[in-house]
Structures are given as C-alpha cells and as structure tokens.
Amino acid sequence: MDKIDDAINSFNIGNFEEAETISCQILSENPNSIEAIDVLAAIYIRTNNLNLLNNSGKNELFLIRKIAVFLGDLKTYEQARVFYEKALEIEPNDFVGLNNLGLIYENLDMLDKAYSVYEKSLKIKENYPALYNLGVLCRKNKEFSKSIYYLDRTVKIKPDDAYANYSLAMTYFMQKKFEKGYPYFLKRPVKGITQLKNFWNGSKYPDKEILVFCDYGLGDAIMFSRYFNFLKDCFSRVKVCCHVSLKKLFENSFKGIEFYDNLSGITYDYCVLAMNLPYFLNMDFSSIPFSDGYLKVDQTKILDYKNKYFNNNLVKIGICYVGGELQKRNAKYRRIKLSKLEKLFQIPNMAFYSFQKDDVFDELKDYPNIVNLGKTFNDFDDTAAAMKNLDVLITIDSAPVHLAGALGVRTLLMLPYYSEWRWFDESTNTSWYKSVELIRQIKPASWDNVVEKIYLQLKTL
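As structure tokens, this is what we get:
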C-alpha cells in the first residue's frame, strides 16, 4: 500500500496525528504531492490543528502556501486566512501572497484589511492583480475616481485584457457614463465569441440579415431583449440565438424575429452581441426603452397557473432567494438564506410561492407552507405565466427580477451593499423597470434592514 493510502486510511479512522505525520513525510520527498496537501488541508479543516504553523519556518513555507491556496479554493476562508497570514510572517514581501490574502479578506468582508494588503503588494511591485483588485474594491466602496485610477492602469499594462476592460467599463456604468464605458465594455470576455463573424458597426443594411447573440446570463438576455425590435429598422431579417429556456417566451413577445437555441446552421450577414445593442443603436442610459414592460405571455397559460396554484383570496407573494453562478467572485452577494425571510412568512392572509428552479441548499423542506412552483417550470415561458399571477415578487439580484420587470410585475429587489453596475447608483427606482423597487443593504453582509422594509410594505397590502 502506498504511503498516501496509509495517510487517507488514518484520516478516515480519525487518527489525524498519524495522517499528518505520513503526509508530511510524503511532502518531504515530493513537495508537489497534491494528494498529501489534500490530506493535510482536510486535517486542518476537521481539527483546526495548527501545530504545523506553530513550528514553521522557511522550510515549510511552500507547504503553508499550498495549503492556503487549497483552503481558499474550498471556500473555507477563515482557515485559509490563518495560513496566508503565517506565510506572510515568514516572507512579508510576497506580493502574490498579499493579493491572495486580500481576496480572502474580501470574502470575509474585512475590506479595510483587503485594501491594505493590496496596497502593500503594489508598493513591493507594480503588478496587475493588485491594481485590478484595488479597482474592483474601490468600486464596491463607491470610490469611483479611485476605481477608475487603478483599473485604467491595469488596462495600460494589458490593453487587450478582457477582464480589466470589463471592470473599467462597470465603474463608468455605475455612474451612467455610457460613452466612456462602452468602448471598454465591447472588449469584455464572451464565451463562444470565436464562433461569430462580421460584427455589426451600427450602420443600416436594409437588404441584409443580422444575428443577435445573447451573451452572458439569462437575466442579461431578458434585460437587453428590449432592443431587439429596433433592429427591424436596420435590416431585412433579424435572427436571435438565445438559451433554449428563453426561446418560447421570446417568440411570443417579439413577432417577426426568428429565434434559435444554438448557432449551428444559422446564416447571416452581420452579427451583434445582445448587450452591445444600446451602443450600436445609440440609445444611452438616459433613454432606456420600454421600462414599463415588453414581454408577453399566453393568457391561457396564465389562467392555467391561476386555477392550479393561485385560486385563493390571499395576497400572492413570490420569492427567489439564490442566484446563479455561485462560483463567481461576488456570488455571495446574490443569496439570502430563506430563514432570513421567516418574519415575512408569519404575516397573515398571504400565500408564498418559491420561484427557485432548483432549491440549491435544500431550504424549502423547513417551510412546507411555501408552494414550490420551481419544479413546474420547464422554461421561462412557464415562469412568466406563473409570475403574472403574483401581487408581489421578492427576489435577490437574479434572472427573475428581469423577467418580472419586463412583465410589469411589482417587484421588491433585495440588493446587497455592493450591487452590480446595472442598478447604477440609483436609490429606490431603476431606469430599467418601472415596476421594480430597489431595497439596498445599509451595511455589508446584513439583510436586516432590507427584510424589515419589505415586512412593513407587505403589512400594508
């Protein structure tokens, strides 16, 4: 049996000391043994035993760094913080380690400390990650001038870097600076863009065909679909490639446009990314069209949902509490634990409906009175039909808020303290959707004021 198997077996039976000893022996022979690092990281997570750190020096620096990275990848941020800080005690001028520690601090909402270590990294060496991270952090703190200062420097270092350009664009967009932001936004990272050709320049070609490719998320596609019909004035035929879950809803809403759910076999003369449409149509953020709604749903389907689930005299409240793409840097700001909303569920004469397609964290089991509509949705056309039966939707920042706004459904949007660019720096109303009210956290990572405001509004219904 290999030594690593011995270490794993010792760990599995709870003999952590022996598992640690064997793993350290393996690493003394092979410092790059991922399996041994995995076992050590698991031991520290399970036992919080930091003996390695107490006696460590430069000989163990490589191992400490490896475990810190591993723990960070596992999102066990508090343990990762301890290892990163120890590594920096041994080697304080590690500008890469300082950047990594800054990201850990951000995830722990220790933003002042994050700012400090990013700055320290930058003083040791001018480096892209520190500039980028400072730029993003300053935008979070609504220090827009500083954010532009740092992100502009990242773009100068890497002019074609998609993420640097995208981040600089978002800082401009937060301030509604359309003309300044879009040249950078056009360079953002887009999955599948290499399959496209002949990008549109904004001119009219009345005898040509254009293909709109819905880039980014489902909510983005819904948000920017408001611009589809304007292309009819520029081209003879308009085609749109979107996610299959949106195809039926879009077909019902935009007549005279052809919709596809993949790029295979589509012919066209020019193409454009959906999120670039405002720029090439010359429609800036002071002239956002159709803010009162633009999507349509079959009335028969709406009535069908009413008869099955909404045929009561109660106030009908939809809820959505977990956003998609949970692996992303700001994903934690797009989730609220269902238990945080418990106060709302106690208001009399109200029926609550979950609009989560998937109950990712298995929270609904604790609230049997909430009707789980998510399991009935095959696509967004179903979701829209159900949503049209609501009195109010309460949601975090995710695709349902765009669907509700585009349908004209009254919505209370729970926004984190660090919200996305699309909500600009607006207070309670949004230029995108007249039916949506913004309710923002007044301090980072705390939903208390948000829930209290929603509670008081619901009690008046």
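Residues 1 to 461 in the working numbering are what the sequence shown lists, from first letter to last.
The beta carbon of each residue, even a glycine, is placed where N, CA and C say it ideally should be.
It should be emphasised that the depicted structure is a prediction, and the values quoted were computed from it without experimental measurement.
Note on residue 381: 16 or more other CB atoms within 10 angstroms of its CB, so buried under the neighbour-count rule. Rounded to whole angstroms, the gap between the alpha carbons of residue 256 and residue 407 is 20 Å. Taking each of 416, 402 and 316 in turn and checking the Cα distance to residue 370, the smallest one comes out for 316. Looking at the backbone, the Cα of residue 432 and that of residue 422 are separated by about 8 Å.
With respect to residue 242, residue 259 sits close: the two C-beta atoms are nearer than 8 Å.
Setting aside the 5 residues that flank it on each side, residue 250 is surrounded in the same chain by 225, 240, 242 and 259, each with a C-beta closer than 7 Å to its C-beta; the list follows chain order.
The criterion of a C-beta distance shorter than 8 Å is not satisfied by residue 384 and residue 450. Considered as a whole, the segment 317-386 harbours 350-354 as its complete beta strand (DSSP E) runs of no fewer than 3 residues, in chain order.
About 15 Å separates the beta carbons of residue 36 and residue 68, which is beyond the 8 Å limit, so they are not a contact pair. Straight-line spacing of the CA atoms in residue 148 and residue 135 works out to 7 Å. For residue 94, the closest alpha carbon among the candidates 118, 74 and 78 is that of 118. Within its own chain, the residues whose Cβ lies closer than 8 Å to the Cβ of residue 125, once the five positions on either side in sequence are excluded, are 95, listed in chain order.
Excluding residues up to 5 positions away in sequence, 144 and 425 lie with their Cβ nearer than 7 Å to the Cβ of residue 175 in the same chain. DSSP places residue 389 in the coil class of the three-state scheme, outside both helix and strand. In the three-state reduction of the DSSP assignment, residue 91 falls in the coil class. From the listed residues 400, 396, 182 and 357, the smallest Cα separation to residue 419 is found for 396. Note on geometry: alpha-carbon atoms of residue 417 and residue 312 lie some 36 Å from one another. Counting only the Cα atoms, residue 104 lies some 30 Å from residue 18. DSSP, reduced to helix, strand and coil, places residue 3 within a helical segment of the structure shown. The residue from 25, 205, 203 and 271 with its alpha-carbon nearest to that of residue 2 is 25. Closest in C-alpha terms to residue 247, from the list 12, 115 and 378, comes 378. Inter-residue distance for residue 155 and residue 364 is about 45 Å (C-alpha atoms, whole angstroms). As DSSP reads the structure, residue 212 sits in a beta bridge with 240 and 272. When DSSP states are grouped into helix, strand and coil, residue 282 belongs to the coil group. Annotation: residue 152 to residue 168 spans about 7 Å, alpha carbon to alpha carbon.
Residue burial annotation: residue 452 is exposed, with fewer than 16 other C-beta atoms found within 10 angstroms of its C-beta. Shortest Cα-Cα distance from residue 401 to any of 435, 374 and 391 involves 435. The segment 214-229 makes no contact with the segment 347-365; the number of CB pairs closer than 8 Å stays below 3. The three-state reading of DSSP puts residue 290 in coil, since its state is none of H, G, I, E or B. Residue 411 has its alpha-carbon roughly 16 Å from the corresponding atom of residue 350. In the pairwise beta carbon analysis, the segment 229-237 is classified as touching the segment 205-215: at least three pairs are separated by under 8 Å.
Distance check between residue 116 and each of 107, 101 and 108 places 101 closest, using alpha-carbon atoms only. Taking a cut-off of 8 Å for Cβ pairs, the segment 191-204 and the segment 265-276 touch, as three or more such pairs fall below it. In the DSSP secondary-structure assignment, residue 414 is bridged to 396 and 439. The DSSP-derived three-state label of residue 105 is helix.
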